[in-house]
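Chemist: Numbers 5 to 500, taken from our numbering, label the letters of the sequence shown in order.
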Amino acid sequence: MHVLDWAVVVGYLLVMVAVGVWSHRQVADTSDFFSAGGRMPWWLAGISHHMSGYSAVVFVAYAGVAYDQGVVSYVVFMFPLAVATGIGAFLFAPKWNRLRRYYRIASPLEYLARRFDVPTQQVLAWSGSVLKVFDVAAKWSAVAVLLHEFVGLPTGWGVLITASVTLVYCTAGGLWADALTEFGQFVIQALAAFAMIGAVGFALADRGLDYLTFWSALPAGHTDPTTTSYPGYFVLVYVLVKTFEYNGGMWNLAQRYLATPDSAQARRTALLSSALYLLWPLVLMLPMFAAPLLVHVADPQDVYAGMALRFLPPGLLGLVLVGVFSHTMAMAASDATAISAVVTRDVLPRIWRRARGFGEAASLRAGRVLTVGFVALSAVIAFCADGLGGVLGIVVAWVGALIGPISIPMMLGMLRPFRHVGPTAALTSWAGGLVAYGLTKYAWQLGDVLTVVTPVLVSALLFVGVGAAYRDAPPEADEIVDALATDHPPAPVRRS
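#1: Using C-beta distances below 8 angstroms, list every residue in its chain close to E480, excluding the 5 sequence neighbours before and after it, in chain order.
#2: In whole angstroms, give me the CA-to-CA distance for H226 and P353.
#3: In this structure, does DSSP put W448 in helix, strand or coil?
#4: How is H300 classed by DSSP in three states: helix, strand or coil?
#5: Do F83 and Y281 have their C-beta atoms closer together than 9 angstroms?
#6: Are the Cβ atoms of L116 and I407 separated by less than 9 angstroms?
#7: Within 10 Å of its beta-carbon, does R372 have 16 or more other beta-carbons around it, so buried, or fewer, so exposed?
#8: Where does the unbroken alpha helix (DSSP H) through V347 begin, and where does it stop?
#9: Which term fits W448, buried or exposed, when burial requires 16 or more other beta carbons within 10 angstroms of its beta carbon?
#10: Output the distance between the C-alpha atoms of A50 and R272, rounded to the nearest integer angstrom.
#11: Using a 10 Å radius around the Cβ and a threshold of 16 neighbouring Cβ atoms, would you call H300 buried or exposed?
#12: So, are the CB atoms of L275 and A93 less than 9 angstroms apart?
#13: Using three-state DSSP, classify I385 as helix, strand or coil.
#14: Excluding the five sequence neighbours on either side, which residues of its own chain have a C-beta within less than 7 angstroms of the C-beta of Q125, listed in chain order?
#15: Which term fits L18, buried or exposed, when burial requires 16 or more other beta carbons within 10 angstroms of its beta carbon?
#16: Am I right that G322 and D9 are in contact with their C-beta atoms under 8 angstroms? What's the rounded C-beta distance?
#17: Using CA coordinates, which residue listed in A65, V324, Y446, V346 is at the minimum distance from W3?
#18: Hey, out of W47, A359, P421, whose CA is closest to A183's CA?
#19: Give the straight-line distance between the Cα atoms of G471 and T428, rounded to the nearest whole angstrom.
#20: Who are the near neighbours of R360 in its chain, counting only those whose CB is closer than 6 angstroms to its CB and skipping five residues on each side?
#21: Name the residue from I410, A129, F315 whose alpha carbon lies nearest to the alpha carbon of K246.
#22: Please state the DSSP three-state secondary structure of M418.
#23: Here's a check: name, in chain order, each residue in its chain whose Cβ is nearer than 7 angstroms to the Cβ of F248, leaving out the five neighbours to either side.
#24: Identify which residue in D482, T458, P285, A203 has its Cα closest to the Cα of G426.
#25: Kindly indicate which residue of A370, V241, Y234, I201 has the alpha-carbon position closest to the one of L320.
#26: Suppose you measure from the CA of L465 to the CA of L244; what does that come to, to the nearest Å?
#27: Which residue marks the beginning of the alpha helix (DSSP H) containing F315, and which one marks its end?
Structure below.
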């Protein structure tokens, strides 16, 4: 890259560190660190929710699908996020906010000890934490691939640099640092995206095409909304999975709802994020759809980097690289904050007697230490991403398939129709989903569609079926479900 590109990248990384240092002054206790003290405005929470929802995977794995198969990349992987988040705006987002206000939780899993029991809470906390380590490792791996293509940097160094800068600001400032950097990253991403659109537009013009006419010149099937690899029912499967994942199953996104002042702002947060998921990926992916007409790459995952290197002038190339950084750092930082919240609030007090007596200062220190540990462990696993099925393999087959068994008890446990469902159904649902995943992925070696959908459906059916047979919900379950249904909870509401 040109010296101007390096100047843009270095300047961006310094600004991210500066935001973390500033945010550090806004954090006085664990409530500020994990849920912004409930003071985050809905528009900032909405942009943060959106930016935390996808990463450099868009520019690596999904770009590769766009290069190979066309618009199905948006229809299958991005459009379901808009639908799922829109559903959550009315079904889940207000409930998360009421959980913080009525029960003073700072972790998405904190209420489960009372809604089900402590063993259920611990099982979901441990298994979800392990899954998120692999999820973030995939994000580090994706951005390292792009760094290798842009500047020839070994992938290990790419992981190390990105993880280190992310670690500085998210450890210092918690959720405030995450949200503020994500807002800045969204602005940078917009500049980078339109720069890429302009550069590719000029390249199309040299071939007598433009953004309105190039579609007819694409290879056969590239304008089909579904393909044999990703059939129509896969979209429905993905909507189902993402409805759980993006409305709380992915813990960092639940924190955006916790952070808003009230349930109305939590709903607006989700609606804004839904609108962005509907429209903004089209802006990001438009150049990728035109890629087969402009470049040829041996590995489809290299297509976005290849186009940027070929068509962008000095300075703008660095801006695009910064834009790629931004999504990955946003998602990984918010995951790190969410995981440290779960471990600090839900796991540590159960396994370490001393942690039960932690005051605010000690809890805050523990949260920061755990954030460091999470980022470090995910970075180590990122070095092994190819052995785990590559970036797309981790995101789709691992995370997509396993998020259902972990999130279904947590999400459905908020809803009135399942108020009598207790820990027996919750743990059976979790275990059944994991067994289903093991069978479809490793024993029967079925395709991605069945690998993703089977664990979710099995978990949901077991939760409903076993819950109907064994109504062993604790007495407080009724109080919790009733409280979450309204902005006027029954009194008294006790701390979890």
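Ideal Cβ positions, reconstructed from N, Cα and C, are used throughout, including at glycine.
Modeler: This is what the structure holds:
#1: R118, R119
#2: 53 angstroms
#3: coil
#4: coil
#5: yes
#6: no
#7: buried
#8: That residue, V347, is in no alpha helix (DSSP H); it is neither H nor E in DSSP.
#9: exposed
#10: According to the sequence shown, residue 50 is Gly rather than Ala. Using only the alpha carbons, I get a separation of about 8 angstroms.
#11: exposed
#12: yes
#13: helix
#14: L113, L116, A117, D350
#15: exposed
#16: 3 angstroms
#17: Lying outside 5 to 500, the shown extent of the chain, residue 3 is not represented and no answer is given.
#18: W47
#19: 7 angstroms
#20: P353
#21: I410
#22: coil
#23: I407, G408, S411, I412, M415
#24: D482
#25: I201
#26: 13 angstroms
#27: 307-315
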